[in-house]
Amino acid sequence: MTQGDDCCATAEDGAESEQRHPLILQRVEKDTDKNWKSVVSDQLRKRCSCTAKKAKTKILGFVPILTWLPRYQLKEWLLGDVMSGVIVGILLVPQSIAYSLLASQDPIYGLYTSFFASIIYALLGSSRHISVGIFGVLCLLVGQVVDRELALAGYLPESSSISSNISAVLLVGQGNDSVVMGCDRSCYAITVGATVTFTAGVYQVLMGIFQVGFVSVYLSDSLLSGFATGASLTILTSQVKYLLGLKFPRPQGWFTLFKTWYSLLINLGNTNICDLVTSLVSLLILLPTKELNDRFKAKLKAPIPFELFVVIIATLASHFGRFNTDYGSSVAGDIPTGFLPPQLPMWSLIPNVAVDAFSIAIVGFAITVSLSEMFAKKHGYTVDANQEMYAIGFCNILPSFFRCFTTSAALTKTLVKESTGCQTQVSGLVSALVLLLVLLVIAPLFYSLQKCVLAVIIVVNLRGALRKFLDVPRMWRVNRVDAGVWLVTMATSALVNTELGLLVGVLVSALCVMGRTQRAQVVELGRATTRDHYEDLSTYCNLQTHRGVAVFRYEAPIYYANQSLFKKSLYKCVGLDPVKEKACRVKFEKKNKQQREDNGVPDMKSKDVLEADETVTSMLDQKSPRSLRSLVIDCSAIFFLDTAGVNALKEVCKEYADVGIKVVLAQCNASVLDDLERGGYYPDKEGVDGGEKKIVFFTIADAVHYAQSLSTPNGDYDSKC
């Protein structure tokens, strides 16, 4: 033999020797001496200690403008920020007035809301590009609460012959007969809206304080998209009455979509022809022009504000044509200039709107965070979800004292803001200046603006959400689970109840995740021909199996909800149910014993009984021609176990041991090993095996080699696991 052959032989022997000794790693010792009191004390000392550096970091983190404004690049960024701010501000004017209809408020309050939100988010927000202000879905949710509280308080609907703007209405106390004089319908509507906004903002700030910004991860893109689309259908339906010039109160409760269409049909004969013609003309102008803006947005330096043009032309036509007095067309009415003095929320209303405010808070935060993260990723910076929670929370709390309603980020205005050269939130301050000019000077000029024109603006801006219906076939092909979540959330939001749609969407998403763990199946693995790598036999070709040893993998956590399914799947994949096998053996032994007693034949020796048992096993396990002595379970895909999961593994180990099959676990991660240790999977005392059951196999190859080294005949070793 040559020297090279000697070296090769030595290398092979070394490799074989290394393979015979499984990989052994030593766990890091954990500090278990500390009791809970010392742990809590250390955490409080760490979090409550205050240094100058820590205080500076906290302040700069809470008010991000103090960090980026001193580094503002005036020459490079100012022009883009000013241009985008002016354009978004111009777009906000008609949209703020229009979306006030959805929130059941007077137009001036929509302008207030957009103004204050733009300033506060510029100071506290961590995103440079999103536009925070009025958002249609939130306006719908607020409007539903406002209409409900108005009805409960005894205010006459807008369709009443008594004008709510000029008559003082008796405020009927809820739950008693007391009455209070002094607040008309419009006053009480904004009081309810501001109270809802304040409560939602408090929820959002509390979630920021308790660092629960992670809740946004539970609202998937398909869930939010389905919710927005379903709410868009409700918004579209709610605006049809303004397009036709009809007057009837907004339906309350569940199935509002059907109730609204029923009211539309029975009131169709009262259609105002002037409003209908104006609506059709406005739609014929805005729909194609908005499409042109979208198609040529890459070539246009800024989108053309067709909405503002339509508002100006329609206002002039309504004023000089006297549409309100001669044709009975509904108009925006008096829009005062300046600001009203601040007022506190109505504290007695908070218990009534607390649940509604929570859903509004979640929706507003989720939309803001998802948009801010999307644009931050696109432009290469990061945002803090908890800081966004603070920012949007204070965008609701502080403006609520100035008669504003709930705000969040809005996709359409954010896209416009980004495409027109926005670099920082200075553009938000510029938009606020544009709105300030309108509030101080221009607002009264919109007195004659027809409500049907505002409804057209809302309907046209729903195009993006309604286009999602065209994406359903593609969504179904890509991922049926996500498509199902989208469809269920959309249908519930539109057909049943908007807030319920969000809850149902979250529950369906959670059930889908749980369902995926329920559907996980045990698969048998085979070894690659060239190396010690194991994969699914049903997925890959040319994989090898081992005689007497089978390797299986379960690709899901094992917990209370799927532990029985795990066992069934394992037994099915192995081809041998140990419980049935043991029962058959007992039945077989009883039958033989009965026959021997009837024939007067003496008892068989234990060796003969074992041979008979092996015969039964081979008869029952016809699916697997191998004589299995050991099972190796690859736990690499099991990332946690609960008590039921540990018990399931213990039962599998014991039940297979009772029929002579050894179960070995491999590739358990550290947390699973801890779960097994705490769950009593390993015996506390060294038994017959001398403690060998505590061996941890970090590779499947080590586990297989150990199983192959067990030369004990089938059914001849201790069954205790």
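With our numbering applied, the sequence shown covers 960 to 1680.
No residue lacks a Cβ here, since even glycine has one placed at the ideal position from N, Cα and C.
Everything numeric in this text was worked out from a predicted model, so none of it was measured.
With a threshold of 6 Å on Cβ separation, who are the neighbours of L1242 within its own chain once the five nearest residues in sequence on each side are excluded? Taking the sequence shown and counting its residues from 1, one reaches residue 1242 at position 283. These residues qualify, in order along the chain: V1415.
Taking Q1211 as the reference, which of L1051, E1458, G1287, S1407 has the closest Cα? On the sequence shown, residue 1211 is found 252 positions in, with the first residue counted as 1. The option with the nearest alpha carbon to Q1211 is E1458.
Apply the 10 Å Cβ neighbour rule to C1411 and answer buried if 16 or more other Cβ atoms are within range, or exposed otherwise. As a working mapping, residue 1411 is identified with position 452 in the sequence shown. By the 10 Å Cβ count, C1411 comes out buried.
Are the beta-carbon atoms of A1666 and V1533 separated by less than 7 Å? The residue labelled residue 1666 in the question sits at position 707 within the sequence shown. The residue labelled residue 1533 in the question sits at position 574 within the sequence shown. Taking 7 Å as the Cβ cut-off, A1666 and V1533 do not qualify as a contacting pair.
Assuming F1511 contacts V1545 under a Cβ cut-off of 8 Å, what Cβ separation, rounded to an integer in Å, is found between them? Reading the sequence shown from its first residue, position 552 is the one you call residue 1511. Reading the sequence shown from its first residue, position 586 is the one you call residue 1545. Actually they do not touch by this definition, with Cβ atoms about 26 Å apart.
In chain order, what residues of the same chain lie with their CB nearer than 8 Å to the CB of L1245, ignoring the 5 residues before and after it? As a working note, residue 1245 is residue 286 in the sequence shown. Within the same chain, L1245 has close Cβ partners F1265, E1266, V1269, V1415, I1416, V1419.
Rounded Cβ spacing between A1424 and T1188 (contact assumed at less than 8 Å): As a first step, residue 1424 must be located in the sequence shown, where it is residue number 465. As a first step, residue 1188 must be located in the sequence shown, where it is residue number 229. Going by Cβ atoms, the distance from A1424 to T1188 rounds to 5 Å, so yes, they are a contact pair.
Entirely enclosed alpha helix (DSSP H) segments - the region 1247–1334, minimum 4 residues: Within the region 1247–1334, the complete alpha helix (DSSP H) runs of at least 4 residues are 1265–1280, 1282–1286.
Between M1348, I1049, F1360, M1473, which has its C-alpha nearest S1367's C-alpha? One-based indexing of the sequence shown puts residue 1367 at position 408. Of M1348, I1049, F1360, M1473, the residue nearest in Cα terms is M1348.
Unbroken beta strand (DSSP E) run spanning F1511, endpoints: In the sequence shown, the residue the question calls residue 1511 occupies position 552. Start and end: 1508–1513.
Simplified DSSP state of F1599, which is helix, strand or coil: On the sequence shown, position 640 is the one that residue 1599 refers to. In this structure, F1599 counts as coil in the three-state DSSP scheme.
Three-state secondary structure (DSSP) at R1475? For this step, residue 1475 is matched to residue 516 along the sequence shown. It is helical.
Under DSSP, the alpha helix (DSSP H) around Y1068 begins and ends at which residues? If you number the sequence shown from 1, residue 1068 lands on position 109. Looking at the DSSP string, the run of the alpha helix (DSSP H) that includes Y1068 is 1066–1083.
Best match in D1293, F1074, L1192 for proximity to F1405 [C-alpha to C-alpha]: Counting from 1 along the sequence shown, the entry for residue 1405 is found at position 446. It is D1293.
Taking contact to mean at least 3 C-beta pairs separated by less than 8 Å, is the region 1329–1338 in contact with the region 1056–1075? Cβ pair count under 8 Å is below three, so no.
Taking the beta strand (DSSP E) that I1592 belongs to, which residues open and close that run? For the purposes of this step, residue 1592 is taken as the residue at position 633 of the sequence shown. Its beta strand (DSSP E) spans residues 1589–1593.
Can you check which of these residues, L1600, K1527, A1057, L1097, is closest to G1639 by C-alpha distance? Taking the first residue of the sequence shown as position 1, residue 1639 is located at position 680. Taking only the C-alpha atoms, the option nearest G1639 is L1600.
Which residues in the same chain have their Cβ closer than 6 Å to the Cβ of V1400, if we skip the five residues on either side of it in sequence? Reading the sequence shown from its first residue, position 441 is the one you call residue 1400. No residues qualify anywhere along the chain.
Is G1160 near S1386, with beta carbons less than 7 Å apart? As a first step, residue 1160 must be located in the sequence shown, where it is residue number 201. As a first step, residue 1386 must be located in the sequence shown, where it is residue number 427. No, these two residues do not count as a Cβ contact at 7 Å.
Give me whichever residues DSSP pairs with E1494 in a beta bridge. In the sequence shown, the residue the question calls residue 1494 occupies position 535. According to DSSP, which records beta bridges pairwise, E1494 is partnered with G1485.
Cβ-based neighbour list, A1596, same chain, cut-off 8 Å, excluding 5 preceding and 5 following: In the sequence shown, the residue the question calls residue 1596 occupies position 637. Hits under 8 Å: R1512, Y1513, E1514, A1515.
Which same chain residues end up closer than 7 Å to T1602 when comparing Cβ atoms and leaving out the 5 residues on each side of it in sequence? For the purposes of this step, residue 1602 is identified with residue 643 of the sequence shown, where counting begins at 1. Same-chain partners within the cutoff: G1638.
Could you tell me the distance, in whole angstroms, from the CA atom of L1028 to the CA atom of G1039? For the purposes of this step, residue 1028 is taken as residue 69 along the sequence shown, with counting starting at 1. For the purposes of this step, residue 1039 is taken as residue 80 along the sequence shown, with counting starting at 1. Whole-angstrom Cα-Cα distance: 15 Å.
Would V1314 be called buried (16 or more neighbouring beta carbons within 10 Å of its own) or exposed? Locating residue 1314 in the sequence shown gives position 355, counting from the first residue. Its Cβ having fewer than 16 others within 10 Å, V1314 is exposed.
Compare the beta carbon distance of S1063 and V1105 with 7 Å and say whether it is the shorter of the two. In the sequence shown, the residue the question calls residue 1063 occupies position 104. In the sequence shown, the residue the question calls residue 1105 occupies position 146. The answer is yes: Cβ separation under 7 Å.
Below 8 Å, how does it come out for the region 1376–1390 and the region 1204–1218: are there three or more Cβ pairs, yes or no? no
Closest by CA to F1298, which one among V1312, H1338, Y1499, R1362? Your numbering for residue 1298 matches position 339 in the sequence shown. Nearest C-alpha to F1298: R1362.
Burial state of Q1163 (16 or more Cβ within 10 Å): Start at 1 with the first residue of the sequence shown, and residue 1163 comes out as number 204. Buried, by the Cβ-count rule.
Under three-state DSSP, which class holds L1408? On the sequence shown, position 449 is the one that residue 1408 refers to. Residue state, collapsed to three classes: coil.
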